[in-house]
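2 protein chains.
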Amino acid sequence: MMKFGTINLLLTSNGYQAEGWYGMITIYDIAKHANVSAMTVSRVINNTGRISDKTRMKVRQVMAELNYVPNAMARGLVLQKTNIVSLLVTDITNPFYTTVARGAEDAARSLGYKLLLGNSDENAEKEKEYIDTILSTRVDGVLLTPAGDDSKGHLEALTLHGTPYVALDRDVPGILCDSVVGDSISGVRKLIDYLVSLGHQHVALVGGTFDVSTARQRHQGFKEAMEANRLPYNEELVLQTGYRLQDMEAAAERLLSLSPVPTAVLAGNNVTALGLLQSFRRRSIDVPGQISIVTFDDLGYRDLIDPLFTSAVQPAYKFGELGIQMLIDRIEGRSNEAPSRLVLQNELMIGSSTGAPPQ
Amino acid sequence: MMKFGTINLLLTSNGYQAEGWYGMITIYDIAKHANVSAMTVSRVINNTGRISDKTRMKVRQVMAELNYVPNAMARGLVLQKTNIVSLLVTDITNPFYTTVARGAEDAARSLGYKLLLGNSDENAEKEKEYIDTILSTRVDGVLLTPAGDDSKGHLEALTLHGTPYVALDRDVPGILCDSVVGDSISGVRKLIDYLVSLGHQHVALVGGTFDVSTARQRHQGFKEAMEANRLPYNEELVLQTGYRLQDMEAAAERLLSLSPVPTAVLAGNNVTALGLLQSFRRRSIDVPGQISIVTFDDLGYRDLIDPLFTSAVQPAYKFGELGIQMLIDRIEGRSNEAPSRLVLQNELMIGSSTGAPPQ
DNA sequence: ATCTAATGGGTTACCGATAACCCTTCCGAT
DNA sequence: ATCGGAAGGGTTATCGGTAACCCATTAGAT
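Going line by line, the protein sequences match chains A and B.
Per my numbering, the first sequence starts with residue 901, numbered consecutively.
Per my numbering, the second sequence starts with residue 901, numbered consecutively.
Dropping the structure here:
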């Protein structure tokens, strides 16, 4: 592409006619055409300082004619502020996180920030790359779901560079920071209580990796709930697994090899619940006829999905919305010195993945 | 937060120990500590110029000790290049677009670019705001799904400012640009042919807004397919609607008021298909017993969803991947002068939303 | 008529990094 | 001994914008 050396090429007899590509218009171009200094243009743009109405109008007119768009990099460089926040999640195809993203985006927009979205894929390495980008871009803050306990170093890097952040959904041992998390313990309690009310006694936990705080908490809640229901807690019924669909094949195999075979499973999240269901189906195990499944969150499409998982549904939109609000409060210095921790409650949704145990 | 005036505060007896927040480290700080000039640091970072191994090592060591992270804004300002591309979609909660996003992200990563994601919500106003941000941020290019024909002005703005872009899924009349789109005509043909093979004769089109190119093309395909099957084309059976779930209530009402009531519906996309299904269910209309539904794309969770929509499934991941590749080819000057247009084929997936018409 | 202060706007330096150009030093060739 | 050039690295200007400071006018107060 060709870059025209000067903006003057755009001047035609009928005024400033923009045609074709004309390189980058700067405040200096505007200044020249409006017969003022660059500073005056800057003042008009930012509505600062004292400018006569006449000058302001003239500058505005020239800006419009030349299609001026401010350069965010130049401005960010001098102001040390970008008005961009970043949302880093572990799986953008998980409906929980897409809903979080929407909440985050709406909140960011309404507070005058732009959202830069990233996807770490439950992968600490990818996460690190994103954190590097974030630091390099000098975004004003980050809302992120830590991939796991290994994320500690990344979070420390953020602190080191003075980039505020809020942990979403998970927290990391040894890190004290603003966070928005769910109440896993109470969620598990509701789920187990419900299973027990249906008559289940042999309940397994397929829990994700205990490298992730929610998995640990759900495990803890599981123990507590079993005890509260006077059911024996059996280590054999606790499986540690990955969070991907394909991790569930082995888990299903394992569960079915136990004796007695559990009559219900608490899956670590919606993806693992789905994986388990698929694996059971492949083995012609009926859900909920032979095994009931309960889990957290929601896959969306409630009235289309069969079976609909009985689930402790967390307010995903709120996670994103409140997370961004907390982040921006921190960025703009509206927070207390001490980190705040917001614990959101979940709601038991009874679906068709649960039923009475086989006798 | 407190900003330490100087990096020297970080110097301890055992070397450079970074503790707490220490403001922004620049190449000048590195230079000072390594006893070289800033330019030398820049050369080490970028692997340009001639640097002795000894100096290079020393600089690298200091960079690591001070946790240096380059400032992308400063670099971008002088290089006129950000290595960021933006993906702007109309609905981030639509599984088609989340999959596109994943493909786009993977492609961008592998080509050394970062992805800035945005969501226009099928809303030209929001889209404009995003375009402004994009221009202001000086990202290197944009992959976007135009919200509608009104997007023309936004695309022209991109051209005007020399920002390359690729249109995704939809094109805009009067705009000639790189694009990656699906073959709607053939998709509709497959769907209608299948319906006809089941015995349907009264097929309706609930088509989205004809302000969107895919809707127009699907309409066109609909006419052609009806004719090819020697079925009468009846304007009454063509509904123009929005793309949101709640737009389908009125559409369902309208369809059911026709006489004869159509025995099958071609929905404009997966969201409208879902909305129709819900509306029919609320009226106790059985799908596919009384009405069959066919559509485009895929909601995911194939083995969980009931009914699974019979659909012309487009390769969403490829849309994102190839779109980004095309964009980056353009950015890096590897494209022909003329815009290229990539048309991706779809595949007929037969689900349980279709059956023989009621007699 | 003089002083004061508000009004309107220009100058200069700087944000952090890189391009372009320049200057040593040192080595081998003649 | 002299010269050419490669190696290694420093200086300065610049990207586009804003803060801080400065300088004319003009209007109102006394």
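Just so you know, even glycine gets a beta-carbon here, dropped at the ideal spot from N, CA and C.
These figures come from a predicted structure and were not determined experimentally.
In the structure shown, what three-state DSSP assignment does Asn1170/A receive? If DSSP states are grouped into helix, strand and coil, Asn1170/A belongs with the helices.
Just to make sure I have the definition right: I need the residues of chain A whose C-beta is within less than 8 Å of the C-beta of Leu977/B. Which are they? Within chain A, the residues Asn971, Met973, Ala974 and Leu977 have their CB atoms less than 8 Å from the CB of Leu977/B, given in chain order.
Cβ neighbour criterion (16 or more within 10 Å) applied to Thr948/A: Thr948/A comes out exposed.
What is the C-beta distance between Leu1260/A and Leu1044/A, in whole angstroms, given that I count them as a contact (C-beta under 8 Å)? Lying before the first or after the last residue shown, residue 1260/A is absent from chain A, which here runs from 901 to 1259.
Kindly confirm or deny that the segment 1195-1204 of chain A and the segment 1126-1135 of chain A touch, where touching means at least three C-beta pairs closer than 8 Å. No, they do not touch.
Which word fits Gln1214/B, buried or exposed, when buried means at least 16 other C-beta atoms lie within 10 angstroms of its C-beta? Buried is the call here.
Quick check: Arg1118/A and Gly1168/A, are their CB atoms within less than 8 Å of each other? Contact: yes.
Expected contact under 8 Å - CB spacing of Leu977/B and Met973/A to nearest Å: Yes, they are in contact, since the Cβ atoms of Leu977/B and Met973/A sit about 5 Å apart, within 8 Å.
So Glu1247/A is in the alpha helix (DSSP H); what residue range does that whole segment cover? Per DSSP, Glu1247/A lies in no alpha helix (DSSP H); the unbroken beta strand (DSSP E) holding it starts and ends at Glu1247 to Met1249.
Let's test the definition: count the other Cβ atoms within 10 Å of the Cβ of Asp929/A and tell me whether it reaches 16, buried, or not, exposed. Residue environment for Asp929/A: buried (at least 16 other C-beta atoms within 10 angstroms of its C-beta).
Proximity to Met1249/A [Cα-Cα], best of Val1080/A, Leu1095/A and Ser1010/A: Distances from the alpha-carbon of Met1249/A to those of Val1080/A, Leu1095/A and Ser1010/A put Leu1095/A closest.
Kindly list, in the order they appear in chain A, the residues whose Cβ is closer than 7 Å to that of Lys1014/B. For a Cβ distance threshold of 7 Å, residue set Thr1033 of chain A lies close to Lys1014/B, ordered along the chain.
For the beta strand (DSSP E) containing Ser1097/A, name the first residue and the last one. Careful: Ser1097/A lies outside any beta strand (DSSP E), inside the alpha helix (DSSP H) at Ser1084 to Ser1097.
Nearest to Lys1026/A (by Cα), restricted to the options Pro970/A, Val989/A and Ala1256/A: Across the set Pro970/A, Val989/A and Ala1256/A, the C-alpha of Val989/A shows the shortest separation from the C-alpha of Lys1026/A.
Taking the alpha-carbon of Val1194/A as reference, which of Val1103/A, Val1138/A and Val944/A has the nearest alpha-carbon? Just measuring C-alpha positions, the residue of Val1103/A, Val1138/A and Val944/A sitting nearest Val1194/A is Val1103/A.
Cβ of Val1080/B within 8 Å of Cβ of Leu966/B? With a cutoff of 8 Å on beta-carbon distance, Val1080/B and Leu966/B are scored as not near each other.
Count the other CB atoms within 10 Å of the CB of Ala1076/B; is the residue buried (16 or more) or exposed (fewer)? Looking at the sequence provided, one finds Leu at residue 1076/B rather than Ala. Burial call: exposed.
Could you tell me which of Leu1055/A, Gln1101/A, Gln1190/A and Ser1010/A sits nearest to Glu1221/A, measuring between CA atoms? Considering only alpha carbons, the answer is Ser1010/A.
Whole angstroms are fine: how far does the CA of Asn994/B sit from the CA of Ser1157/A? For the pair Ser1157/A and Asn994/B, the Cα-to-Cα distance works out to about 39 Å.
Can you list the residues of chain B that Glu1247/A reaches, using a CB-CB cut of under 8 Å? Those do not exist, as Glu1247/A stays about 20 Å from chain B at its closest Cβ, beyond 8 Å.
When you check each C-beta in the segment 1170-1181 of chain B against every C-beta of chain A, which residues fall closer than 9 Å? Result list: Leu1174, Leu1177, Gln1178 and Arg1181.
With a threshold of 8 Å between beta-carbons, can Asp1078/A be considered close to chain B, or not? Closer than 8 Å to the CB of Asp1078/A there is not a single CB belonging to chain B.
Do Val1042/B and Tyr1065/B have their CB atoms nearer than 8 Å? Going by C-beta atoms, Val1042/B is nearer than 8 Å to Tyr1065/B.
Can you give me, in chain order, the residues of the segment 1050-1064 of chain A that have a beta carbon less than 8 Å from any beta carbon in chain B? Of all residues in the segment 1050-1064 of chain A, only Ala1057, Thr1059, Leu1060, His1061 and Gly1062 come within less than 8 Å of chain B when Cβ atoms are compared, listed by chain position.
Met957/A, buried or exposed, once every other Cβ within 10 Å from all chains shown has been counted against 16: With fewer than 16 Cβ atoms within 10 Å of its Cβ, Met957/A is classed as exposed.
Closest by C-alpha distance to Gln1246/B, when choosing among Arg1089/B, Val1171/B, Ser1097/B and Ser1179/B: For clarity, residue 1246/B is Asn in the given sequence; the question names Gln instead. Ranking Arg1089/B, Val1171/B, Ser1097/B and Ser1179/B by Cα distance to Asn1246/B puts Arg1089/B first.
Is any beta-carbon of chain B found at less than 8 Å from that of Glu1027/A? No, Glu1027/A does not count as interfacial toward chain B.
Please report the distance separating the alpha-carbon of Met1227/B from that of Asp1078/B. With the sequence shown as reference, residue 1227/B is identified as Leu, and Met is not the correct amino acid for it. Rounded to whole angstroms, Leu1227/B to Asp1078/B spans 8 Å at the Cα level.
So, does the CB of Tyr1201/B fall closer than 8 Å to a CB anywhere in chain A? Chain A contact via Cβ: present.
Is there a Cβ of chain A sitting closer than 8 Å to that of Ile927/B, yes or no? So no, Ile927/B is outside the interface.
Between the C-alpha atoms of Arg1241/A and Arg1234/A, what's the straight-line distance to the nearest angstrom? The alpha-carbon atoms of Arg1241/A and Arg1234/A are separated by roughly 15 Å.
Does the beta carbon of Arg1038/A come closer than 8 Å to any beta carbon on chain B? So yes, Arg1038/A belongs to the interface.
Have a look at Ser1113/A and Asn1170/A and give me their C-alpha separation to the nearest angstrom. Looking at the backbone, the Cα of Ser1113/A and that of Asn1170/A are separated by about 16 Å.
Does DSSP put Ser1252/B in a helix, in a strand, or in coil? Secondary structure at Ser1252/B: coil, using DSSP grouped into helix, strand and coil.
With 16 as the cutoff for other CB atoms within 10 Å, does Asn983/B come out buried or exposed? Around the C-beta of Asn983/B, 16 or more other C-beta atoms lie within 10 Å, and the residue is accordingly described as buried.
So with Cβ pairs under 8 Å, would you call Arg1002/A a contact of chain B? Closer than 8 Å to some Cβ of chain B, the Cβ of Arg1002/A qualifies, so yes.
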